[in-house]
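As structure tokens, the structure follows; a few thoughts come after it.
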Amino acid sequence: MCSIFGMFDLQPGDDLAALRRQALELSQRQRHRGPDWSGVYVDAGVILVHERLAIVDPASGAQPLRSRDGALALAVNGEIYNHRELRAASDYDFTTGSDCEVINALYRDLGGDAFVAEGVGKLNGIFAFALWDGPSQRYVIARDPIGVCPLYWGHDGEGRLCVASEMKALVGVCNDVAAFPPGHVYDSASGELTRYYVKGWRDYEATRGQGPDGLREAFEQAVHRQLMTDVPYGVLLSGGLDSSLVAACAARFARERIEDDDRSEAWWPRLHSFAIGLDGSPDLAAAQIAADALGTVHHGFVYTFWEGLDAVPEVIRHLETYDVTTIRAATPMYLLARRIKAMGVKMVLSGEGSDELFGGYLYFHKAPSAETFHEETVRKLDALHSYDCLRANKAMMAWGVEARVPFLDLEFIDVAMGIDAAHKMAGNGKIEKHVLRAAFDGALPKEILWRQKEQFSDGVGYGWIDGLKAHAEQEVSDREFAAAASRFPFNTPATKEAYFYRRIFEQFYPGEACAATVPGGKSIACSSPAALAWDPAFAAMADPSGRAVRGVHADALS
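All residue numbers for the sequence shown refer to full-length UniProt numbering, where the first residue is 1 and numbers rise by one.
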């Protein structure tokens with residue numbers, strides 16, 4: 001994974017040398033995402049800059065990727081997990097072993113119009129890319145269906161369109177900066193932004209009566225696909241269900257090299273796992289149990305409250321959000337990424353996405369029907385790019401570590417979301433995500449497989465959240481908080497902790513456009529207004545901690 005910066009719609013009178021310097025300076029703001037190499041492409045109508053984190057084909061995969069005839073230039077942040085299948089089906093003259101070069105191949109094989117209409121949808125991966133077709137002066141910009149990879153866009157003062165992996169590269173240049181929507185593609189030939197990712201399972205009726213057959217195999221294959229790498233890697237292991245399942249599957253495949261169909265020994269056959277927490281945290285203890293059972297080389301790191309608090313401003317700067325839950329969880333993840341980077345690991349697998357697919361948040365216990373349960377999982381997936389995907393990607397990439405998320409593998413999503421939500425519902429003696437736990441019976445120790453949901457920010461140690469609240473009470477006066485609506489009329493902070501984060505965010509990202517990139521509204525675990533109506537007591541809870549709704553677990557099992 002890397003970072004991209006693009007500047008389009010350049011005019012004949014533009015000073016290309018000056019714009020090139022500006023593009024390099026702006027791209028440098030996100031170079032932490034790609035510390036291995038920088039590449040620049042300049043044409044009469046475009047400037048592309050790429051900051052590379054080399055994971056696949058480190059020797060020859062430098063970007064922007066050019067077609068052999070020089071007509072196409074491509075800057076990509078991401079990984080294409082089905083690149084070998086796409087490469088085998090193409091007559092394109094490849095110049096590298098990069099997984100991302102299949103994007104150029106699809107464009108050339110299908111033609112521009114068909115590529116926009118159907119080609120982007122053939123990619124199974126996490127990506128944000130900008131492709132330039134020189135002879136036609138056409139460009140195409142797209143983002144992966146779930147939004148695992150971040151992407152922002154806006155216009156500079158001269159009307160040029162700019163795109164970047166992180167908002168910080170556009171601040172002060174684009175007054176209309178906004179998040180590029182996941183699952184969409186923009187085509188300069190038509191000037192239209194269109195949704196390419198449209199699935200039948202969004203409608204509950206399409207899933208009615210479908211059982212969970214093949215769930216375990218589908219997830220194991222998702223993990224297998226995402227183990228493609230030419231550099232040292234590991235797994236994040238909190239000791240919760242999701243990260244432990246990822247680790248269990250990775251441990252099964254770790255000894256063989258995925259890139260040659262498991263025919264040779266992996267370059268790094270020992271699987272390393274990583275966890276972090278305050279001293280005595282629930283996650284550290286559970287992670288050690290899981291690691292011992294799976295035989296990983298485990299690294300459990302302890303951080304102090306003050307180390308975490310000191311990092312909060314940098315976390316907000318890197319994550320480009322003021323969402324309370326995200327910052328709470330991202331801070332220990334950010335600290336863990338720094339440790340992982342110091343050990344020479346460049347890629348990790350993580351467990352994001354499972355709670356959205358299977359209704360793992362505790363408020364799902366209150367879902368009144370399978371249909372409403374399903375509708376909420378669809379809504380959660382649609383919002384994931386603003387929360388857990390943003391957290392995992394940016395907290396890790398702050399230190400040049402790529403986070404991959406097998407639960408959000410596109411083939412696995414089709415399987416998981418195709419299951420009738422009646423099989424996913426909790427209550428009546430069933431714990432949340434019962435269907436997933438049952439599918440992996442025997443794969444993990446029972447105390448891990450059936451461990452109750454902990455939000456990551458809770459699991460690292462309850463003193464973390466309590467300390468953040470107490471610190472915010474000291475930092476934000478009653479007078480300041482009383483005037484919150486006048487200072488922050490958009491997404492007005494509901495708590496002093498939220499005000500504290502918003503104040504820091506404003507220092508780095510001033511203006512209404514930047515603030516508008518962060519979803520707002522009082523919620524429990526980012527639940528929808530419809531979900532809050534499942535139990536009126538939810539609507540009164542401003543604190544999104546998992547502990548705030550812990551009572552639903554006991555109620556649902558009784």
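We treat Cβ as the ideally placed atom computed from N, Cα and C, and that holds for glycine. Since the model is a prediction, treat every value here as computed from it, not as a measurement.
Rounded Cβ spacing between residue i and residue j (contact assumed at less than 8 angstroms)
{"i": "V424", "j": "V435", "result": "One point to set straight first is that residue 424 is Lys, not Val, in the sequence displayed. Indeed they touch by this definition, with Cβ atoms about 5 angstroms apart."}
{"i": "L106", "j": "G119", "result": "4 angstroms"}
{"i": "Y139", "j": "L131", "result": "6 angstroms"}
{"i": "D156", "j": "V177", "result": "Going by Cβ atoms, the distance from D156 to V177 rounds to 10 angstroms, so no, they are not a contact pair."}
{"i": "K273", "j": "G234", "result": "Looking at the sequence itself, residue 273 is Ser, so the reference to Lys does not match. S273 to G234, Cβ: 6 angstroms. Contact."}
{"i": "L74", "j": "F129", "result": "6 angstroms"}
Pair within 8 angstroms by beta-carbon distance, residue i and residue j
{"i": "D144", "j": "F127", "result": "yes"}
{"i": "A422", "j": "A370", "result": "yes"}
{"i": "L390", "j": "T326", "result": "yes"}
{"i": "H298", "j": "I258", "result": "no"}
{"i": "Y204", "j": "E375", "result": "yes"}
{"i": "Q63", "j": "K168", "result": "no"}
{"i": "D420", "j": "R208", "result": "yes"}
{"i": "S90", "j": "G112", "result": "no"}
{"i": "S244", "j": "A290", "result": "yes"}
{"i": "E79", "j": "R404", "result": "yes"}
{"i": "V246", "j": "P406", "result": "yes"}
{"i": "D57", "j": "T95", "result": "no"}
{"i": "Q452", "j": "I431", "result": "yes"}
{"i": "E402", "j": "L384", "result": "no"}
{"i": "T517", "j": "A54", "result": "no"}
{"i": "R252", "j": "A266", "result": "no"}
{"i": "E320", "j": "E473", "result": "no"}
{"i": "A250", "j": "L271", "result": "yes"}
{"i": "A222", "j": "F412", "result": "yes"}
{"i": "G154", "j": "F305", "result": "no"}
{"i": "L237", "j": "A293", "result": "no"}
{"i": "I103", "j": "V76", "result": "yes"}
{"i": "A337", "j": "A398", "result": "yes"}
{"i": "I141", "j": "Y186", "result": "yes"}
Buried versus exposed, by CB contacts within 10 Å (16 or more), residue i
{"i": "T296", "result": "buried"}
{"i": "E307", "result": "exposed"}
{"i": "T331", "result": "buried"}
{"i": "M7", "result": "buried"}
{"i": "A18", "result": "exposed"}
{"i": "A484", "result": "buried"}
{"i": "E158", "result": "exposed"}
{"i": "E25", "result": "exposed"}
{"i": "F219", "result": "buried"}
{"i": "A556", "result": "Because A556 sits at a pLDDT of 43, beneath the cut-off of 50, its placement in the model cannot be relied upon, and the following sentence gives the value as read from the coordinates. A556 comes out buried."}
{"i": "F488", "result": "buried"}
{"i": "L227", "result": "buried"}
{"i": "E51", "result": "buried"}
{"i": "M417", "result": "buried"}
{"i": "S486", "result": "exposed"}
{"i": "G344", "result": "exposed"}
{"i": "P12", "result": "exposed"}
{"i": "G429", "result": "exposed"}
{"i": "L16", "result": "exposed"}
Assigned secondary structure, residue i (DSSP; H/G/I helix, E/B strand, else coil)
{"i": "M425", "result": "coil"}
{"i": "R66", "result": "strand"}
{"i": "residue 560", "result": "Residue 560 cannot be examined here, being either before or after the span of the chain that is shown, 1 to 558."}
{"i": "W268", "result": "coil"}
{"i": "M228", "result": "coil"}
{"i": "I431", "result": "coil"}
{"i": "G78", "result": "strand"}
{"i": "A275", "result": "strand"}
{"i": "S238", "result": "coil"}
{"i": "V223", "result": "helix"}
{"i": "V246", "result": "helix"}
{"i": "G6", "result": "strand"}
{"i": "E371", "result": "helix"}
{"i": "residue 610", "result": "Residue numbering for the chain in the displayed model covers 1 to 558; residue 610 lies beyond these limits and cannot be assessed."}
{"i": "G360", "result": "coil"}
{"i": "F490", "result": "coil"}
{"i": "L557", "result": "Caution is warranted here: a pLDDT of 43 is assigned to L557, below 50, making its placement in the model unreliable, and no coordinate value can be reported."}
{"i": "E320", "result": "coil"}
{"i": "L444", "result": "coil"}
{"i": "R87", "result": "helix"}
{"i": "V315", "result": "helix"}
Residue i Cβ short of 7 angstroms to the ligand SAH heavy atom set
{"i": "E101", "result": "With respect to the ligand SAH, the structure shown offers nothing to examine, as it has no ligands at all."}
Contact with chain D by residue i, beta-carbon distance below 8 angstroms
{"i": "H299", "result": "In the structure shown, chain D does not exist; there is a single protein chain."}
Beta strand (DSSP E) runs contained entirely in the region 21-63, provided each spans 3 or more residues: 37-43 and 46-52
Alpha helix (DSSP H) runs wholly inside the region 89-166, at least 4 long, in chain order: 102-110
Whole beta strand (DSSP E) elements within the region 167-218, 3-residue minimum: 184-187 and 192-195
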